[in-house]
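Scroll down for the structure; my scribbles are underneath it.
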Amino acid sequence: MTSTRKTVQGLVFVAVLLLLVGLAIGKYVGVFQSGIPVTLKVDRIGNQLADGGDVKVRGLIVGSIKQVSTTGDGATVQLSIDPKMADQIPADVTARLLPKTLFGEKYVSLVPPADAGRARIAAGDVIGEDRSQSAREVDQVLNDLLPLLQAVKPDKLATTLGSLSQALQGRGTELGQTLVGLNTLLNGVNPSIPDLQADVTQLADFADNLSQASPDLLNALNDFTVTSKTIVEKKDGISDLLSTLTGASDDLNAFLDANGENLIGLTATSRPTLATLARYAPEFPCLFGQLSDIIPRVDAVFGKGTNEPGVHITAEIVNNRGKYVPGEEPRYLDDRGPRCYPIVVPGPQFPPDGPFRDGSKTPTPPVGTPGPGYTGIGRIPPDYSALPNGTGANGSGAKPARYDMGVPNSPGERQVVNELVAAQQGTSPQAVPNWSTMLVGPLYRGSEVTLT
Numbered sequence: 369m370t371s372t373r374k375t376v377q378g379l380v381f382v383a384v385l386l387l388l389v390g391l392a393i394g395k396y397v398g399v400f401q402s403g404i405p406v407t408l409k410v411d412r413i414g415n416q417l418a419d420g421g422d423v424k425v426r427g428l429i430v431g432s433i434k435q436v437s438t439t440g441d442g443a444t445v446q447l448s449i450d451p452k453m454a455d456q457i458p459a460d461v462t463a464r465l466l467p468k469t470l471f472g473e474k475y476v477s478l479v480p481p482a483d484a485g486r487a488r489i490a491a492g493d494v495i496g497e498d499r500s501q502s503a504r505e506v507d508q509v510l511n512d513l514l515p516l517l518q519a520v521k522p523d524k525l526a527t528t529l530g531s532l533s534q535a536l537q538g539r540g541t542e543l544g545q546t547l548v549g550l551n552t553l554l555n556g557v558n559p560s561i562p563d564l565q566a567d568v569t570q571l572a573d574f575a576d577n578l579s580q581a582s583p584d585l586l587n588a589l590n591d592f593t594v595t596s597k598t599i600v601e602k603k604d605g606i607s608d609l610l611s612t613l614t615g616a617s618d619d620l621n622a623f624l625d626a627n628g629e630n631l632i633g634l635t636a637t638s639r640p641t642l643a644t645l646a647r648y649a650p651e652f653p654c655l656f657g658q659l660s661d662i663i664p665r666v667d668a669v670f671g672k673g674t675n676e677p678g679v680h681i682t683a684e685i686v687n688n689r690g691k692y693v694p695g696e697e698p699r700y701l702d703d704r705g706p707r708c709y710p711i712v713v714p715g716p717q718f719p720p721d722g723p724f725r726d727g728s729k730t731p732t733p734p735v736g737t738p739g740p741g742y743t744g745i746g747r748i749p750p751d752y753s754a755l756p757n758g759t760g761a762n763g764s765g766a767k768p769a770r771y772d773m774g775v776p777n778s779p780g781e782r783q784v785v786n787e788l789v790a791a792q793q794g795t796s797p798q799a800v801p802n803w804s805t806m807l808v809g810p811l812y813r814g815s816e817v818t819l820t
C-alpha cells in the first residue's frame, strides 16, 4: 500500500513538473498570448529570420514573429503585436529586417514615419518594407558584409583582432587625437567636394576630347617622325648653321661692346623725334592717302596723256600778311597738333583754323569760301565770266583762254591787270592803282593764266 502510494506521488510529481515545463514553453512561444495579427510583405527574408523572432519599435519589443512563408515574388511574415503596445504604433509604419548581431538572427524593426497619422495599427493590417534611401543602404551594407564575414577564418580573425587590441592598448588618447585631426581635415575638405566633383567632370570631358583628337594627335606624331628623320639627315648642315650663328653672335657682341654707349645716346637723342612722330601719328594715314591720291593730279599738271606737255597751273596772287613790325619776332610758334585738310580746287590761302603762327601780329585775312564742303581763310574766289574769253564758273570753255594784253603798260594791259589784281584782293578794278601794271604786269606777260 505504501509502495503504491509513493508510486502515485512520483507520477503526480512528474506530471506536475512536465506541466510546468509545458506552461513555461507555451509562455515563451506566446501560446497563451492573444496578440493582434498583422501581415508584413517583404521582397526577401534571408536565412536568419525564423518563427518566434522579436518585433521591435525603437528597440522595445512589441510583438513576435508567428510564421514566415515565401511566395513567388517575395515573402509574407505573420506578426503578433502585443495589444498593450498597439495603441503606440501608427498604422502607417514600415518594417526593416535587421540582425541582432553580425552573426545573429534577424528581427523585425518597425519604423514609424516622421509625420505619422492618428490611426493606430489594428488586426488584419498589412504593412510594407521600409524602402527609404537609408534603409536600402543599411541593407546593402549588411548583404555585402555577410559574405566577407563568412569567408574570413575565425581563428585568423581572432588573431587579427588580438593583434589590433595589443597595438591600440594604452594609445587611446593618441587615437582620439588622430581621429579629431582627421575630422578637422575632413571638415576642411568637405567644402571643396563640389569643386572636386566639377574637376572630375571636366577631366572626363577632357578625356573624351582627347579620345576624339587622338587620331589627329597620332598623325601629328607620325609627321613629326618625318621631321625628326629630316633633322637627322641634315645634322651636318644644322651643325654648320649653329657654328655660323655662334660667329654672328660673337660679332654682334663685339659690336654692342664697341657701340653700346652710342646706341644709348642714340636712343636718348631720338626720344624727342619719336615723341613728335607719336603725337602726329593720327595724321599719317590721311597724309599718305592724300600723297597717293595726288599722283593723278601731278600727272595732269604735267600734261601726261595729252598733246600739250608742260606745266598746267593756275597762278593766283593773294594778299600778303604784311611785313614784320617792331615788337614782332619771326618765330615758328605753331603747335596745333595733327591735322589733315581736304584737298580742294581752288585751294584757300590759309587752312580753316587760321594761318601759321610765325611771330607776326598781322590780323587774319577775311574768311572766304574756296570750295564746297570746305571753309578756309583767305581770299574769296572771284567770278571772271565778265572778262573777255573768260573761262570761270560762268564761262564758256573748259580750256584756259589766251588774251592779248597789248603793248606793255598800255591802257588795255592796265585794264586786264587791274581786273586780275582786283579779283585777287576782293576789290573793284577802280580801287587798284594804275602803277600796279608796272609791278604785276611783267609777271603776267608771256604766261598762261587760267581764270576760275
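Just so we're aligned, residue 369 is where the sequence shown starts under my numbering, counting upward by one.
We treat Cβ as the ideally placed atom computed from N, Cα and C, and that holds for glycine.
Who pairs with residue i in a beta bridge, going by DSSP?
i: Ala-392; result: Paired residue(s): none; Ala-392 is not in a bridge.
i: Ala-443; result: Val-410, Thr-438
i: Gly-403; result: The partner list for Gly-403 (beta bridge, DSSP) is empty, contrary to what the question assumes.
i: Ser-617; result: Its beta-bridge partners do not exist; DSSP assigns none.
i: Lys-474; result: Pro-467
i: Asp-702; result: None, per the DSSP bridge assignment.
i: Val-423; result: Gly-431, Val-476
i: Ile-681; result: Ile-681 pairs with nothing; no bridge assigned.
i: Ser-448; result: Pro-405, Ser-432
i: Gly-496; result: Lys-409, Thr-462
i: Arg-488; result: Pro-458
Suppose contacts are defined by Cβ-Cβ distances below 7 Å. Is residue i in contact with residue j by that definition?
i: Pro-480; j: Lys-474; result: no
i: Ile-449; j: Gly-420; result: no
i: Val-476; j: Val-423; result: yes
i: Ala-491; j: Ile-404; result: yes
i: Ile-457; j: Ile-495; result: no
i: His-680; j: Gly-673; result: no
i: Asp-498; j: Thr-462; result: yes
i: Tyr-692; j: Ser-728; result: yes
i: Leu-417; j: Val-436; result: yes
i: Asp-702; j: Arg-665; result: no
i: Val-425; j: Leu-478; result: yes
i: Asp-460; j: Gly-485; result: yes
Near residue i, what residues of its chain come up, given a Cβ to Cβ distance below 6 Å and the 5 sequence neighbours on each side ignored?
i: Pro-719; result: Tyr-709
i: Asp-625; result: none
i: Ile-429; result: Asp-422
i: Leu-379; result: none
i: Asp-584; result: none
i: Pro-797; result: Asn-786, Glu-787, Ala-790
Excluding the five sequence neighbours on either side, which residues of its own chain have a C-beta within less than 7 Å of the C-beta of residue i, listed in chain order?
i: Ser-764; result: Here the model assigns Ser-764 a pLDDT of 40, short of 50, so the residue's position is not dependable and the matter cannot be decided.
i: Pro-559; result: none
Take residue i and list the residues in its own chain whose beta-carbon comes closer than 8 Å to its own, dropping the five residues that flank it on each side.
i: Leu-529; result: none
i: Leu-536; result: Leu-543
i: Ala-383; result: none
i: Ile-662; result: Ile-711
i: Ile-599; result: Ile-606
i: Thr-375; result: none
i: Asp-667; result: Gly-673
i: Asp-608; result: none
Would you say residue i lies against chain C (beta-carbon separation less than 7 Å)?
i: Val-494; result: In the structure shown, chain C cannot be found, because there is only a single protein chain.
Three CB pairs or more closer than 8 Å across the segment 801-808 and the segment 783-792 | yes
Decide yes or no for the touch test of the segment 433-448 against the segment 404-413: beta carbon pairs closer than 8 Å, at least 3 of them.
-> yes
Pair every Cβ in the segment 695-710 with every Cβ in the segment 638-656, then say whether three or more of these pairs are closer than 8 Å.
-> yes
Taking only runs of the alpha helix (DSSP H) that begin and end inside the segment 540-622, which ones reach a length of at least 4 residues, in chain order?
-> 540-557, 561-601
Give, in chain order, every unbroken run of the alpha helix (DSSP H) that is at least 4 residues long and sits entirely within the segment 625-687.
-> Along the length of the segment 625-687, whole alpha helix (DSSP H) runs at least 4 residues long occupy 652-669, reported in chain order.
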